[in-house]
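Just below is one structure, and these are the notes that go with it.
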Amino acid sequence: QQVVQEITKDEIFYFHSKGGVTISGGEPLFQPDFVAKVLQECRKIGIHTAIETSLYAKLESIETILPWLNALYVDIKLLDRKSHKKWTGVDNTLILDNIQKIDNSEYPLEIIIRIPLIPGVNDSELNLSATAKFCKSIKKLKEIELLPYHRLGIETYRNLGMDYLLKDLVSPSSDWVMERSHFLNQQNIGVPIRVAFAYNSQNQRQAEDLAENPSQRINI
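Shown next, in the form of structure tokens:
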């Protein structure tokens with residue numbers, strides 16, 4: 195109830211901006227009952243609802259929130275099951291099956307597929323064409339978002355005392371990102387394909403320099 199009260203403070207803003215509420219995490223599907231209650235209350239007063247999820251969850255958890263969702267954002271990192279397990283630690287069968295089950299459900303929500311573009315990991319034409327083929331089968335698909343790799347999480351790992359395993363991987367150039375975007379557009383998926391933010395490699399690297407060297411920051 196407290197969460198919904200906080201949300202409704204900005205209710206007029208949601209309507210005028212055509213915005214809404216997106217629940218992310220962590221993983222929202224770890225708390226399906228709580229998330230469902232929040233989304234249900236938002237829908238009652240006409241606020242657009244969405245979640246960001248890996249969909250690596252039991253179908254029962256997903257079905258709890260489906261009636262209250264307008265949109266679902268989910269990553270597809272790799273289509274090949276062995277490669278997916280190598281890089282993420284888990285097989286992707288459950289994720290892909292859940293996408294298909296949601297797509298075949300009675301609920302008229304929109305699905306937005308996000309593809310994290312990681313150089314040398316999932317940027318090959320083989321993986322991108324396989325991903326495009328899968329996306330073509332999704333009837334509820336609204337658009338595809340490309341998320342270029344960045345190093346902004348380095349300080350978080352440092353603060354947690356964890357090794358950043360991709361420390362030698364640099365952020366891709368704008369041209370590299372646009373080449374992958376163009377390749378996906380050539381696959382005729384039938385939905386818009388966009389980079390999720392105004393990607394500029396120079397600005398990106400300046401931001402990463404600040405993340406890797408926090409002493410350079412200005413605290414306001």
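FYI, in the working numbering the residues of the sequence shown are 195 to 414.
C-beta atoms are modelled at their ideal positions from N, C-alpha and C, and glycine is treated no differently.
From the DSSP output, which residues share a beta bridge with residue i?
i: residue 388; result: 339
i: residue 265; result: 244, 304
Could you pull out every residue in the same chain whose Cβ sits closer than 7 Å to the Cβ of residue i, ignoring the five residues on either side in sequence?
i: residue 298; result: none
i: residue 333; result: 297
i: residue 315; result: 281
Specify, as a first and last residue, the run of the beta strand (DSSP E) that residue i falls within.
i: residue 242; result: 242-247
i: residue 290; result: Segment 287-297 is the alpha helix (DSSP H) holding residue 290; no beta strand (DSSP E) there.
i: residue 217; result: 214-217
i: residue 304; result: 304-311
What span of residues does the alpha helix (DSSP H) with residue i cover, start to end?
i: residue 320; result: 319-330
i: residue 369; result: 368-379
i: residue 239; result: First-last for residue 239: undefined, no H or E at that position.
Give me the residue from the options with the minimum Cα distance to residue i.
i: residue 258; options: 271, 225, 282; result: 225
i: residue 218; options: 236, 238, 262, 267; result: 267
i: residue 320; options: 378, 241, 229, 260; result: 378
According to DSSP, is residue i helix, strand or coil?
i: residue 284; result: coil
i: residue 351; result: helix
i: residue 229; result: helix
i: residue 252; result: coil
Please work out which residues of its chain come closer than 8 Å, Cβ to Cβ, to residue i, disregarding the five sequence neighbours upstream and downstream, and give them in chain order.
i: residue 409; result: With a pLDDT of only 36 at residue 409, under the threshold of 50, the placement of this residue in the model should not be trusted; the figure read from the coordinates follows. The answer is none, since no qualifying residue turns up.
i: residue 351; result: 357, 358
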